[in-house]
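Colleague: Just so you know, the protein sequences line up as chains P and X, in that order. Counting along the first sequence from 1, when you hit position 120 you're at 120 in the numbering used here, and nothing is skipped either side. Take any residue in the second sequence, count from 1 to its spot, add 196: that is its number in the numbering used here. For each residue, glycine too, the CB sits at the ideal point set by N, CA and C.
Number of protein chains: 2
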Amino acid sequence: MHQKPKPHFLNNIFNSNDFNKEELEAILPKFKQKAFKKNSFLLEQGKAANEYWFVESGFIRSFVLDIKGNDITTNFYSVDDIVIDWPSFFLRNPTRENIQALTDCVCWQLDFDTFQKLFHSIESFREQGRTTLVKSYFNLKSHNISMIADQAKERYENLLKENPLIIQNVSLKHIATYLGITDTSLSRIRKEISSE
Amino acid sequence: MHQKPKPHFLNNIFNSNDFNKEELEAILPKFKQKAFKKNSFLLEQGKAANEYWFVESGFIRSFVLDIKGNDITTNFYSVDDIVIDWPSFFLRNPTRENIQALTDCVCWQLDFDTFQKLFHSIESFREQGRTTLVKSYFNLKSHNISMIADQAKERYENLLKENPLIIQNVSLKHIATYLGITDTSLSRIRKEISSE
DNA sequence: AACTTTTCTTGTCCTATGGCAAGATTTATT
DNA sequence: AATAAATCTTGCCATAGGACAAGAAAAGTT
Numbered sequence: 001m002h003q004k005p006k007p008h009f010l011n012n013i014f015n016s017n018d019f020n021k022e023e024l025e026a027i028l029p030k031f032k033q034k035a036f037k038k039n040s041f042l043l044e045q046g047k048a049a050n051e052y053w054f055v056e057s058g059f060i061r062s063f064v065l066d067i068k069g070n071d072i073t074t075n076f077y078s079v080d081d082i083v084i085d086w087p088s089f090f091l092r093n094p095t096r097e098n099i100q101a102l103t104d105c106v107c108w109q110l111d112f113d114t115f116q117k118l119f120h121s122i123e124s125f126r127e128q129g130r131t132t133l134v135k136s137y138f139n140l141k142s143h144n145i146s147m148i149a150d151q152a153k154e155r156y157e158n159l160l161k162e163n164p165l166i167i168q169n170v171s172l173k174h175i176a177t178y179l180g181i182t183d184t185s186l187s188r189i190r191k192e193i194s195s196e
Numbered sequence: 197m198h199q200k201p202k203p204h205f206l207n208n209i210f211n212s213n214d215f216n217k218e219e220l221e222a223i224l225p226k227f228k229q230k231a232f233k234k235n236s237f238l239l240e241q242g243k244a245a246n247e248y249w250f251v252e253s254g255f256i257r258s259f260v261l262d263i264k265g266n267d268i269t270t271n272f273y274s275v276d277d278i279v280i281d282w283p284s285f286f287l288r289n290p291t292r293e294n295i296q297a298l299t300d301c302v303c304w305q306l307d308f309d310t311f312q313k314l315f316h317s318i319e320s321f322r323e324q325g326r327t328t329l330v331k332s333y334f335n336l337k338s339h340n341i342s343m344i345a346d347q348a349k350e351r352y353e354n355l356l357k358e359n360p361l362i363i364q365n366v367s368l369k370h371i372a373t374y375l376g377i378t379d380t381s382l383s384r385i386r387k388e389i390s391s392e
């Protein structure tokens with residue numbers, strides 16, 4: 001008996017539907033595996049993002065500090081997600097965002113210069129990159145509309161439905177600021193839901 | 197005496213810092229001038245965006261309808277801005293957004309197929325396209341954070357500072373939904389500011 | 001296991017903003 | 001100019017969610 005070769009994690013991201021063999025051989029080896037300890041930072045405010053990552057395992061969040069020093073969660077990331085500060089990475093300027101591991105994580109990292117070579121030389125790579133960015137834009141806009149159109153309770157229920165893993169793995173406080181409410185309010189919303 | 201040749205509007209967007217002569221000659225003639233009457237739609241929900249525009253003159257807004265049928269302004273556009281529904285244009289799927297002229301407008305239009313040819317053949321064109329998208333992402337995220345971190349009054353004052361032309365040319369109701377408040381509240385905020 | 005720290009819940013009271021409706025003002029239409 | 005239709009303001013009252021503080025519970029540390 002022989003063993004099946006274990007497929008590379010990055011084949012979840014780059015697969016043979018969208019890329020031919022040569023392209024995969026040009027792309028996959030450029031990524032470096034990186035482990036992050038719980039609470040370590042992938043990016044800190046004031047620095048420019050020079051890398052991005054795909055998450056193989058673990059949970060991550062990004063956040064900013066507002067004028068009063070309040071910590072506001074801007075996004076959560078888990079398996080297969082891309083972790084990137086789009087503006088800082090592409091505009092090459094210092095960011096306002098912090099990106100922090102919420103658990104021990106394994107990620108696959110690519111740096112800007114390598115990205116640029118792939119982007120300008122492989123059509124399918126730039127098509128996929130553009131698609132990923134645009135989906136990210138779409139999610140951000142949906143979140144934005146939801147902040148205006150929906151009640152806090154509805155926003156929480158949507159997150160629960162779309163992304164149950166987040167709720168199970170992330171502290172209430174971080175979820176609350178992502179939803180634009182206080183942890184106190186979110187606790188009450190949970191109570192109300194559990195008593196239905 | 198001879199006259200100076202009037203520069204083409206699109207030279208505001210595509211200039212010789214970022215593009216060489218041949219590139220400009222490949223790009224500029226692909227855009228078609230389009231006039232839109234006040235209240236006419238550039239894009240309607242349910243359709244897929246197959247074009248985008250640069251605004252030479254006039255004011256435009258995009259909006260969505262929420263579940264209860266409330267109209268929520270998602271963005272304003274004026275001179276030199278790009279008007280595009282990024283997700284619909286690139287993912288080629290039906291949109292939730294409506295884009296409507298608030299005044300008579302003159303725009304310059306490019307369609308998807310032509311865009312694709314330029315994007316994949318001209319490096320500087322795709323660099324600029326990516327930059328434009330990423331800036332748009334950045335603005336959206338800033339708006340998002342502001343919705344969570346700032347009071348309605350602060351959001352209004354920021355808009356007033358960043359984009360005074362909008363306030364002078366757009367109805368209070370549309371500005372209010374963009375800021376995530378009712379027209380009633382915005383009217384009170386205005387009153388409060390004017391009495392300071 | 002004991003202790004410390006962080007997270008979550010709950011109570012009391014407060015504030016920003018919403019809902020509705022009437023009137024005033026401006027803008028569009030005949 | 002007269003009328004109609006939007007738009008904007010204002011009053012009154014309602015409510016979602018915030019501020020603060022005290023415990024309870026859970027997680028991390030020695």
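Which residues in chain X sit within 9 Å of Ile-175 (chain P), going by Cβ to Cβ distance?
Modeller: Result: empty, since nearest Cβ-Cβ is about 13 Å, beyond 9 Å.
Colleague: Phe-54 (chain P) bridges to which residues according to DSSP?
Modeller: P:Ile-82, P:Trp-108, per the DSSP bridge assignment.
Colleague: With a threshold of 7 Å between beta-carbons, can Val-330 (chain X) be considered close to chain P, or not?
Modeller: It does: the Cβ of Val-330 (chain X) has a partner Cβ on chain P nearer than 7 Å.
Colleague: Got a sec? Which residues, its chain only, sit under 6 Å from Ser-62 (chain P) by beta carbon, not counting five neighbours each side?
Modeller: Thr-74, Asn-75, Glu-97, Ile-99.
Colleague: Measuring only the C-alpha atoms, how far is Asn-39 (chain P) from Thr-132 (chain P)?
Modeller: In a straight line, the C-alpha of Asn-39 (chain P) is about 26 Å away from that of Thr-132 (chain P).
Colleague: Use the C-beta contact count for Glu-51 (chain P): other C-beta atoms within 10 angstroms, 16 or more gives buried, fewer gives exposed.
Modeller: Buried, since its Cβ has 16 or more Cβ neighbours within 10 Å.
Colleague: Given that a residue counts as buried once 16 or more other Cβ atoms are within 10 Å of its Cβ, and exposed if not, what is Ile-263 (chain X)?
Modeller: Classification of Ile-263 (chain X): exposed, given that the 10 Å Cβ count is below 16.
Colleague: Which residues in chain X sit within 9 Å of Tyr-156 (chain P), going by Cβ to Cβ distance?
Modeller: The premise fails here: Tyr-156 (chain P) is roughly 15 Å from chain X at the closest Cβ pair, so nothing lies under 9 Å.
Colleague: When we look at the beta-carbon of Leu-165 (chain P) and count the other beta-carbons within 10 Å, is it buried (16 or more) or exposed?
Modeller: So Leu-165 (chain P) ends up on the exposed side.
Colleague: For a quick check, are the C-beta atoms of Asp-104 (chain P) and Lys-37 (chain P) less than 7 Å apart?
Modeller: Closer than 7 Å, so yes.
Colleague: CB Ser-57 (chain P) to CB Val-106 (chain P), shorter than 7 Å?
Modeller: Cβ distance < 7 Å, so Ser-57 (chain P) and Val-106 (chain P) count as in contact.
Colleague: Across the segment 213-230 of chain X and the segment 278-285 of chain X, are there enough close Cβ pairs to call them in contact, namely three or more that are closer than 8 Å?
Modeller: Output reads no: the segment 278-285 of chain X does not touch the segment 213-230 of chain X.
Colleague: Leaving out five residues on either side along the sequence, give the residues of the same chain with a beta carbon under 8 Å from the beta carbon of Glu-388 (chain X).
Modeller: So the qualifying residues of the chain are Lys-349.
Colleague: Span of the beta strand (DSSP E) holding Asn-39 (chain P)?
Modeller: Note, Asn-39 (chain P): premise wrong, no beta strand (DSSP E); not H, not E.
Colleague: Using 7 Å as the limit for Cβ to Cβ distance, is Ile-344 (chain X) near chain P?
Modeller: At least one chain P Cβ lies under 7 Å of Ile-344 (chain X).
Colleague: So that I know if they touch, is there some Cβ in chain X lying closer than 7 Å to that of Trp-53 (chain P)?
Modeller: Chain X, which has no Cβ nearer than 7 Å to the Cβ of Trp-53 (chain P), makes this no.
Colleague: Could you tell me the distance, in whole angstroms, from the CA atom of Leu-382 (chain X) to the CA atom of Leu-159 (chain P)?
Modeller: Cα-Cα distance, rounded: 30 Å.
Colleague: Just to confirm the assignment, what range does the alpha helix (DSSP H) spanning Thr-177 (chain P) have?
Modeller: First-last of the alpha helix (DSSP H) with Thr-177 (chain P): 172-179.
Colleague: With DSSP as the reference, please indicate the residues paired to Leu-261 (chain X) in a beta bridge.
Modeller: Paired residue(s): X:Asp-267.
Colleague: With a threshold of 6 Å on Cβ separation, who are the neighbours of Ile-13 (chain P) within its own chain once the five nearest residues in sequence on each side are excluded?
Modeller: Correct list, in chain order: Phe-54.
Colleague: Are the beta-carbon atoms belonging to Gly-376 (chain X) and Ile-148 (chain P) less than 7 Å from one another?
Modeller: The answer is yes: Cβ separation under 7 Å.
Colleague: Only counting the same chain, and skipping five residues up and downstream in sequence, which positions put a Cβ closer than 6 Å to that of Phe-19 (chain P)?
Modeller: Ser-124.
Colleague: Tell me, to the nearest whole angstrom, how far the beta carbon of Ala-231 (chain X) is from that of Leu-239 (chain X); I am working on the premise that it is less than 8 Å.
Modeller: Not quite, the Cβ-Cβ distance comes to about 16 Å (not below 8 Å), so this is no contact.
Colleague: Return the CA-CA distance between His-174 (chain P) and Ser-142 (chain P), expressed in angstroms with no decimal places.
Modeller: Each residue's alpha carbon lies about 19 Å from the other.
Colleague: If you follow the beta strand (DSSP E) that Asn-98 (chain P) is part of, which residue opens it and which one closes it?
Modeller: Looking at the DSSP string, the run of the beta strand (DSSP E) that includes Asn-98 (chain P) is 98-101.
Colleague: Taking DSSP's pairing of strands, which residues face Gln-33 (chain P) in a bridge?
Modeller: In the DSSP output, where bridge partners are listed per residue, Gln-33 (chain P) has P:Trp-108.
Colleague: Would DSSP call Ala-345 (chain X) helix, strand or coil?
Modeller: Three-state DSSP puts Ala-345 (chain X) in a helix.
Colleague: Which bits of chain P does Glu-319 (chain X) rub up against, with CB to CB less than 8 Å?
Modeller: Neighbours of Glu-319 (chain X) on chain P, chain order: His-120.
Colleague: Between Leu-10 (chain P) and chain X, is the shortest Cβ-Cβ distance under 7 Å, so that the two count as touching?
Modeller: So no, Leu-10 (chain P) is outside the interface.
Colleague: According to DSSP, is Ala-244 (chain X) helix, strand or coil?
Modeller: The answer is strand: DSSP assigns Ala-244 (chain X) an E or B state.
Colleague: Can you tell me which of the three DSSP states Pro-94 (chain P) falls into?
Modeller: Of the three classes helix, strand and coil, the one that applies to Pro-94 (chain P) here is strand, per DSSP.
Colleague: In chain order, what residues of the segment 275-301 of chain X put their CB closer than 7 Å to some CB of chain P?
Modeller: Hits within the stretch, in order: Trp-282, Pro-283, Phe-286, Leu-287.
Colleague: Taking Ile-60 (chain P) as the reference, give the member of P:Gln-45, P:Val-83, P:Ile-72, P:Asp-71 with the closest Cα.
Modeller: Measuring from the Cα of Ile-60 (chain P), the nearest candidate turns out to be P:Val-83.
Colleague: Relative to the C-alpha of Glu-342 (chain X), which candidate in X:Gly-325, X:Tyr-374, X:Gln-324, X:Glu-323 has its C-alpha closest?
Modeller: First, the residue type needs correcting, since residue 342 (chain X) is Ser and not Glu in the sequence shown. If we check each option's Cα against that of Ser-342 (chain X), X:Tyr-374 comes out closest.
Colleague: Any beta carbon from chain P within less than 7 Å of Leu-336 (chain X)'s own beta carbon?
Modeller: By this cut-off, Leu-336 (chain X) is an interface position.
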